[in-house]
Amino acid sequence: MRYIGLLRAVNVGGKNTIPMADLRSALQDIELDHVRTYIQSGNMVFDSDLTEDAVQDRIEHQIQQRFGFHIDVILRTVTEFDRLIADLPFAGASEPASSASSPVGVSVAFLNEPPDPDAVAALDRYPSPGEQYRVVSRNVYLLLPNGTARSKLVAQVQKLGPRVTVRNWKTVQKLQAMAAADQNDA
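Quick note on numbering: the sequence shown equals residues 39 to 224 in the working numbering.
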């Protein structure tokens, strides 16, 4: 099965530093195949015959053993990622960027499990003008026209669960493209 893996809080502010070449090597050592990484924030595409829970446990254990600290891992299958992209809920959120269409101010918070409905309802107190969110299963789509840096909504989304990580739409699209290209090569 092809997985897309997202590490939480890697290479941020000089903490939890993992060079991506070392991460690829560590993942290959636990028998994950066709491992590729994208930028320094812990984005991976790889193959494994193991279940999602087993892969997650192996990666977290390997990072602890190899690098000396715990990092949460969030996984999605390629099918889940394709559906996530197809289901972008913000009509008109994209505008031309060079030759491709790239949603402006869109990010996705990835959770390991669907969030508690009461915690989601509490998010309504935080959006700044123009900000929106939509929860779909284990994902929270975020429309942040003024970016993530000062968004109170993003800070609250991080509290939806113990394992939450956010990626911008460009990264989401790049990971999907990498996974598709890898499947053609595998």
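Don't be surprised by glycine CBs; every beta carbon is placed ideally from N, CA and C.
(message) Within a Cβ cutoff of 7 angstroms, which residues of the same chain sit near residue 212, ignoring the five residues on either side of it in sequence?
(response) As a first step, residue 212 is located in the sequence shown; it is residue number 174 there, counting from the start. Contacts found: 76.
(message) According to DSSP, is residue 121 part of a helix, a strand, or is it coil?
(response) In the sequence shown, the residue the question calls residue 121 occupies position 83. Residue 121 falls in the helix class under three-state DSSP.
(request) Starting from the Cα of residue 177, find the closest Cα among 167, 112, 214 and give me that residue. (result) Taking the sequence shown and counting its residues from 1, one reaches residue 177 at position 139. Among 167, 112, 214, the Cα nearest to that of residue 177 is on 112.
(message) I need the boundaries of the alpha helix (DSSP H) containing residue 58, first residue and last residue.
(response) Here residue 58 refers to the residue found at position 20 when the sequence shown is read from its first residue. Residues 58-67.
(message) Between which residues of its own chain and residue 172 is the CB-CB distance below 6 angstroms, once the five residues before and five after are set aside?
(response) Position 134 of the sequence shown holds residue 172. So the qualifying residues of the chain are 127, 179.
(request) Counting only the same chain and skipping the five closest in sequence on each side, list residues whose C-beta sits under 6 angstroms from that of residue 123. (result) Here residue 123 refers to the residue found at position 85 of the sequence shown. Excluding positions up to five away in sequence, the list reads 214.
(request) Following the continuous beta strand (DSSP E) through residue 174, name the residue where it begins and the one where it ends. (result) Sequence index remark: in the sequence shown, residue 174 carries index 136 (1-based). From DSSP, the beta strand (DSSP E) with residue 174 extends over 170-174.
(message) Quick check on the DSSP output: the alpha helix (DSSP H) that includes residue 195 runs from which residue to which?
(response) In the sequence shown, residue 195 corresponds to position 157, counting from 1. Taken as a continuous stretch (DSSP letters only), the alpha helix (DSSP H) holding residue 195 covers 190-195.
(request) Measuring alpha carbon to alpha carbon, tell me which of 85, 97, 185, 169 ends up nearest residue 60. (result) Residue numbering aside, residue 60 sits at position 22 when the sequence shown is read from its first letter. Among 85, 97, 185, 169, the Cα nearest to that of residue 60 is on 97.
(request) Can you tell me which of the three DSSP states residue 108 falls into? (result) Indexing the sequence shown from 1 puts residue 108 at position 70. Correct three-state label for residue 108: coil.
(request) Measure the Cβ-Cβ separation of residue 72 and residue 85 and say whether it is below 9 angstroms. (result) In the sequence shown, counting from the first residue as 1, residue 72 sits at position 34. In the sequence shown, counting from the first residue as 1, residue 85 sits at position 47. Yes, they are a contact pair.
(request) Check each candidate in 166, 174, 209 and name the one with the smallest Cα separation from residue 192. (result) Numbered from 1 along the sequence shown, position 154 holds the residue referred to as residue 192. It is 166 whose Cα lies nearest to the Cα of residue 192.
(request) Taking 9 angstroms as the cut-off, decide whether the C-beta atoms of residue 119 and residue 68 are in contact. (result) Residue numbering aside, residue 119 sits at position 81 when the sequence shown is read from its first letter. Residue numbering aside, residue 68 sits at position 30 when the sequence shown is read from its first letter. Cβ atoms of residue 119 and residue 68: not closer than 9 angstroms.
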